[in-house]
Structure formats: C-alpha cells, structure tokens
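Comments concern the structure below.
Protein chains: 2
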Amino acid sequence: MGFSPRLEQLFAALRCLPGVGPKTSQRMAFHLLSRDRDGGRRLVEALAAALDGIGECRRCRMLAEAEVCGICADPARDDGLLCVVESPADVLAVEESGAYRGRYFVLLGRLSPLDGIGPDELGLPLLQQRLRDDGIKEVMLATSATVEGEATAAYIGSLAERCGLVATRIAHGVPIGGELEFVDSNTLFRAIAARRPLAGESG
Amino acid sequence: MGFSPRLEQLFAALRCLPGVGPKTSQRMAFHLLSRDRDGGRRLVEALAAALDGIGECRRCRMLAEAEVCGICADPARDDGLLCVVESPADVLAVEESGAYRGRYFVLLGRLSPLDGIGPDELGLPLLQQRLRDDGIKEVMLATSATVEGEATAAYIGSLAERCGLVATRIAHGVPIGGELEFVDSNTLFRAIAARRPLAGESG
Chain A
15 MGFSPRLEQL
25 FAALRCLPGV
35 GPKTSQRMAF
45 HLLSRDRDGG
55 RRLVEALAAA
65 LDGIGECRRC
75 RMLAEAEVCG
85 ICADPARDDG
95 LLCVVESPAD
105 VLAVEESGAY
115 RGRYFVLLGR
125 LSPLDGIGPD
135 ELGLPLLQQR
145 LRDDGIKEVM
155 LATSATVEGE
165 ATAAYIGSLA
175 ERCGLVATRI
185 AHGVPIGGEL
195 EFVDSNTLFR
205 AIAARRPLAG
215 ESG
Chain B
15 MGFSPRLEQL
25 FAALRCLPGV
35 GPKTSQRMAF
45 HLLSRDRDGG
55 RRLVEALAAA
65 LDGIGECRRC
75 RMLAEAEVCG
85 ICADPARDDG
95 LLCVVESPAD
105 VLAVEESGAY
115 RGRYFVLLGR
125 LSPLDGIGPD
135 ELGLPLLQQR
145 LRDDGIKEVM
155 LATSATVEGE
165 ATAAYIGSLA
175 ERCGLVATRI
185 AHGVPIGGEL
195 EFVDSNTLFR
205 AIAARRPLAG
215 ESG
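Chains as they are written, first to last, in the numbering used here: chain A, 15 to 217; chain B, 15 to 217.
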C-alpha cells in the first residue's frame with residue numbers, strides 16, 4: 015500500500031470517537047493533515063489539557079476541573095432539589111432547558127446487571143449519603159426513557175422514599191412541536207395514560 | 015453555566031473536524047472524558063505524531079513521512095503512467111480499486127479562480143517539470159466529476175498534450191450495482207454519450 019504507519023495509527027486513533035468508522039476517520043485525518051493543521055494542533059492541546067485537568071466532581075460525579083464542580087459550588091442553587099441523570103451530557107441538556115435550579119447527581123451509566131453495572135458502579139453509596147445528610151427534599155429522576163433507565167429510576171426512587179424524601183420522574187409524552195401522526199405508539203400510550211386536566215397544565 | 019473552560023475549549027477544538035457540529039462535539043468530548051480516556055490519550059499521541067512527522071512528498075505532494083512517499087519510492091511502479099488526483103484520499107481510493115500500478119500527482123485542490131486557486135496553488139510547475147523529465151507516457155486524469163474538476167482535467171490535459179504525452183480521463187457512467195432508475199440524468203447522459211461496442215468493454 016505504501017501508506018505511512020503514522021497515518022494508519024491516526025486512522026485507528028480517530029475511530030475511538032463515537033460514530034466514526036473507517037471512511038470518516040480517513041476523511042478526518044486527511045482534513046487535519048492537508049487542510050487544517052492549526053485546527054489539529056489546537057485539538058491536540060485541548061484534548062491533552064482536558065484529559066489532564068478534568069476529573070469527576072466528588073459531590074455529584076459531573077466532569078469538573080476542581081474537586082467540586084461549578085454547579086455544586088454555586089451557593090445560589092436550591093439545596094432541597096436533586097436531579098439524577100445518567101451522563102454529563104444530560105446535565106448540559108437539563109441546564110439548557112432553563113427549568114431547573116437545583117443540584118445534580120451523575121450516575122455515569124444505568125443499572126445493567128448483565129453488563130456488571132450495579133449500584134456501586136453508579137455511585138449509589140455516595141448518593142445515599144447525600145440523600146441522608148444534605149437537606150434534600152425532592153429527588154427528580156431524569157434517567158433515560160429506556161427499560162434500563164426506567165429500572166434505574168425506580169430503584170433510586172425507592173432509595174429516596176426510604177429516606178423519607180419525595181421522588182419525582184420527569185414527564186414523558188409527545189415532544190413539543192411533534193405531529194401526532196409521527197409519534198410512536200409507546201410514547202402516545204404514555205402521553206394518554208399521563209393526561210392531566212387542562213387547568214393543571216400550567217402548574 | 016458552571017462548565018469548565020477546558021471542556022468548552024475541547025468542544026471548540028473538536029468542531030474543526032469535518033462534519034462535527036456543536037452537538038456532536040459535546041458527545042465526542044463526554045465520550046472521551048467519561049468513557050474512553052485511553053482512546054483520548056491515543057488520539058493525542060497519534061495526532062501529534064502525525065502533525066510532526068507527516069509532510070508532503072516532494073515528488074507527488076502525497077502525505078508522506080519521508081522526503082518521498084512510499085509509492086514514489088517503490089521501484090515496481092510503472093514510471094510511464096501518471097495519475098492526477100485532487101486529494102490524498104483520492105490516492106487511497108485509486109489504490110483500493112486495484113486497477114492502477116503507476117505513479118501519482120496530488121493537486122491538493124482544483125482550479126477555482128474565484129477562490130484564488132490557480133496553477134501555482136495546485137503545484138502545476140512541479141507537475142510540468144515531471145511531465146518533461148520523468149519519462150511519463152500517459153497522464154490519467156482522475157479529478158472529480160464536478161465542473162471545477164472537469165476544468166482542472168481539461169487544463170492539465172492540454173499541458174500534457176503540449177509535452178507530447180497521451181492524456182486520458184477516467185470513465186464516467188452508471189456505477190456498478192446501480193439501478194438505472196436511481197441514476198441521475200446527468201450521469202445517464204454521460205453514460206449514453208460514452209457508450210462503447212460490447213466487444214470493446216473488456217479492453
């Protein structure tokens with residue numbers, strides 16, 4: 015083939031990115047090497063700095079540069095409210111919604127006994143300690159709407175209730191802007207089962 | 015927002031990759047930092063090594079670790095045949111076809127006067143020198159089948175003919191495995207215009 019080993023290694027390394035296969039990794043490598051070497055340098059530096067400097071917040075397991083992340087350290091947040099999510103990306107999504115001003119707990123996964131992911135892997139001992147000691151009143155479960163996400167929410171909900179706290183689950187239903195005919199039947203089933211009186215919608 | 019500056023810098027740096035927007039860059043960053051730190055380290059090292067160690071072959075402008083790339087250095091290649099392509103990825107594609115055993119010349123672009131890309135940017139002085147001095151007999155033009163790619167092929171074809179060489183263009187037509195009804199009309203027009211006697215197909 016006559017291709018350079020460093021190029022082959024770059025193809026292989028780029029394939030660790032999610033959604034990047036053999037063709038895309040080649041396109042990315044050629045782009046970085048023949049058209050955007052400055053961008054490549056910036057990527058090397060930013061990724062090395064992130065890997066060196068970003069760890070887990072010791073209170074909520076969010077990605078953080080310090081021992082405690084910016085949200086945990088923010089005194090303006092509501093200490094009575096804890097949102098449980100699966101991943102750092104979910105924290106970003108909830109923040110972007112603008113609907114939430116409480117604290118977070120990031121599971122970094124969801125219960126999946128067959129894959130060896132149990133309560134310890136999700137940091138539930140740390141979560142239980144916070145549920146007992148941190149003055150939390152409500153636990154809002156924002157795990158994903160999959161079978162495993164639901165099981166995880168149910169499990170953590172029962173932990174919260176055993177501590178005498180309120181456990182809530184974010185609502186599932188028709189997405190805003192969604193045409194009814196394109197909504198799958200499971201979602202529509204949940205939307206109908208969870209219907210509310212019109213007056214209560216705004217509450 | 016409470017997000018760390020290094021994370022924001024990583025999002026920004028990942029967006030230099032082709033086809034990666036804000037959402038994908040976040041997904042990639044979270045994947046590397048929470049699920050595949052080893053992959054992230056490998057990417058830092060492979061990309062740094064590639065940027066430091068890979069330059070342009072001084073004969074064909076292909077990406078190469080040495081002064082001259084593996085194909086230019088290979089004595090088993092046919093010196094009489096030169097394939098002109100737009101990008102390093104095109105060299106890979108032609109090599110993978112298995113139909114070609116000659117040399118290459120990589121333009122790293124195509125003629126586009128409005129974007130300031132003229133003969134000098136495409137290395138045509140170097141190409142002309144090779145056409146005169148290197149014992150080349152046929153120049154196979156494998157630039158893309160776009161308006162600019164065709165113009166580039168025509169321009170280089172005339173250079174080759176002025177040097178007394180044969181200039182050929184790779185065939186355009188219906189892709190193998192392509193259903194006629196899904197082929198666009200421009201391609202079908204070219205396929206019909208370039209039809210060949212059945213006996214000649216195998217030649």
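Ideal Cβ positions, reconstructed from N, Cα and C, are used throughout, including at glycine.
For Phe203 (chain B), the three-state secondary structure derived from DSSP is helix. Secondary structure remark: continuous beta strand (DSSP E) runs of at least 3 residues inside the segment 87 to 156 of chain A, in chain order: 92 to 99, 116 to 120, 152 to 155. Taking each of A:Leu46, A:Val98, A:Ala156, A:Val120 in turn and checking the Cα distance to Phe44 (chain B), the smallest one comes out for A:Val120. Using beta-carbon distances, Met154 (chain A) does not count as an interface residue toward chain B, since no partner is under 8 angstroms.
When secondary structure is reduced to three states using DSSP, Val58 (chain B) falls in the helix class.
Cβ neighbours of Ala167 (chain A) within its own chain (closer than 7 angstroms, five residues either side excluded): Leu155, Thr157, Arg183.
Legend: CB atoms of the segment 167 to 200 of chain A lying less than 7 angstroms from CB atoms of chain B are not found in any residue. At least 8 angstroms separates the CB of Val98 (chain A) from every CB of chain B. The residue among B:Leu145, B:Pro189, B:Leu46, B:Gly149 with its C-alpha nearest the C-alpha of Glu175 (chain B) is B:Leu145. The beta carbon of Gly187 (chain B) sits closer than 8 angstroms to the beta carbons of Thr201, Arg204, Ala205, Ala208 from its chain, once the five residues preceding and following it are set aside; these are given in chain order. In this structure, the straight-line span from the alpha carbon of Asp66 (chain B) to that of Leu122 (chain A) is close to 36 angstroms.
Contact between Asp50 (chain A) and Cys30 (chain B) holds, with the beta-carbon distance rounding to 6 angstroms and staying under 8 angstroms. Arg210 (chain A) counts as exposed, since fewer than 16 other C-beta atoms from the protein chains shown sit within 10 angstroms of its C-beta.
Here Phe196 (chain B) is exposed: its Cβ has fewer than 16 other Cβ atoms, across all protein chains shown, within 10 Å.
Proximity to Cys86 (chain A) across A:Leu95, A:Arg117, A:Ala63 peaks at A:Arg117, based on C-alpha coordinates. A Cβ-Cβ separation of about 12 angstroms leaves Leu61 (chain B) out of contact with Ala26 (chain A) under the 8 angstroms criterion.
Assignment of Arg183 (chain A) by DSSP, reduced to helix, strand and coil, places it in the strand class. The Cβ atoms of Asp93 (chain B) and Arg115 (chain B) lie no closer than 8 angstroms to each other.
Secondary structure of Gly67 (chain B) (DSSP, three-state): helix. The Cβ of Leu65 (chain B) sits closer than 8 angstroms to at least one Cβ of chain A. Within the segment 41 to 56 of chain B, the residues whose Cβ lies closer than 9 angstroms to any Cβ of chain A are, in chain order, Arg41, Met42, Ala43, Phe44, His45, Leu46, Leu47, Ser48, Arg49, Asp50, Arg51, Asp52, Gly53, Gly54, Arg55, Arg56.
Under the three-state reduction of DSSP, Leu173 (chain B) is assigned to helix.
If you draw a straight line from the Cα of Arg124 (chain A) to the Cα of Thr38 (chain B), it comes to about 22 angstroms.
Here the alpha carbons of Gln142 (chain B) and Ala63 (chain A) stand approximately 46 angstroms from one another.
Under the Cβ distance rule, Ile131 (chain A) does not count among the residues neighbouring chain B, no pair being separated by less than 8 angstroms. Following the DSSP letters along the chain, one finds Pro36 (chain A) inside the alpha helix (DSSP H) bounded by residues 36 to 44. Note on geometry: alpha-carbon atoms of Glu152 (chain A) and Pro127 (chain A) lie some 27 angstroms from one another. When the beta-carbon positions are compared, Ile170 (chain A) and Leu96 (chain A) stay at least 8 angstroms from each other. Beta-carbon to beta-carbon, Ser199 (chain A) and Ile68 (chain B) are separated by about 53 angstroms, too far to satisfy the 8 angstroms threshold.
In the DSSP assignment, the residues bridged to Leu77 (chain A) are A:Glu70. Annotation: Cβ neighbours of Phe17 (chain A) in chain B (cutoff 7 angstroms, chain order): Gly84.
Annotated three-state conformation of Asp198 (chain B) is coil, per DSSP.
For Leu122 (chain B), the nearest CB of chain A lies under 8 angstroms from its own CB, placing it at the interface with that chain. Ranked by Cα distance from Thr160 (chain B), the first of B:Arg75, B:Glu100, B:Gly53, B:Pro189 is B:Glu100.
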